[in-house]
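Visitor: Just dropping this structure here.
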Amino acid sequence: MADDCIFCKIAEKAIPSTIVYEDELVVAFKDNNPQAPVHILLIPKKHISTVITLTHDDKELVGHMFLVAASLAREQQIAQDGFRLVTNCNQDGGQTVFHLHMHLLGGRSLTWPPG
Ligand code: 5GP
Ligand code: ZN
């Protein structure tokens, strides 16, 4: 766990969140400032700060994250209408928490391009 990383603390349940899925590699929980009726954050338990710091050793983990996201979308009943998976990176990408995460957004029609 990285010192002072809020998502490491959520993964370790040192700070509370509404967890919707967990396994040995990942945790998914509700975003506390939702931008859509369904807004879930999916994180690896291992601390990785951004998509740029991923290594080839993380290949399986990244594939697993997509499969879990798809399964959560089905469970949340947004798979058929559609949804969006977003990973912001660094300043211009709008990343505010530096522990890799995927936003799962759905339950309304999402506009494109994003702001
Ligand atoms: P980013 O801007 O880094 O892509 O996304 C960070 C997300 O984490 C934001 O959507 C923000 O609302 C969410 N977030 C930040 N702190 C917390 C927290 O303590 N708990 C939960 N559940 N979500 C958080
Ligand atoms: Zn972390």
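Quick note: the sequence shown uses the working numbering, first residue -15, plus one each step.
The beta carbon of each residue, even a glycine, is placed where N, CA and C say it ideally should be.
What number of angstroms, rounded off, separates the C-alpha of F82 from the C-alpha of T34?
Guide: Your numbering for residue 82 matches position 98 in the sequence shown. Your numbering for residue 34 matches position 50 in the sequence shown. Approximately 6 Å, taken between the alpha carbons.
Visitor: Is the beta carbon of A20 closer than 8 Å to that of G78?
Guide: Taking the first residue of the sequence shown as position 1, residue 78 is located at position 94. Taking the first residue of the sequence shown as position 1, residue 20 is located at position 36. No, Cβ-Cβ distance for G78 and A20 is not below 8 Å.
Visitor: Which of helix, strand or coil does DSSP assign to G47?
Guide: In the sequence shown, the residue the question calls residue 47 occupies position 63. G47 falls in the helix class under three-state DSSP.
Visitor: Any heavy atom of the ligand ZN within a distance shorter than 7 Å of the CB on F(-9)?
Guide: In the sequence shown, the residue the question calls residue -9 occupies position 7. The answer is yes for F(-9).
Visitor: What three-state label does DSSP hand V81 in the structure shown?
Guide: By 1-based counting over the sequence shown, the position of residue 81 is 97. It is coil, neither helix nor strand.
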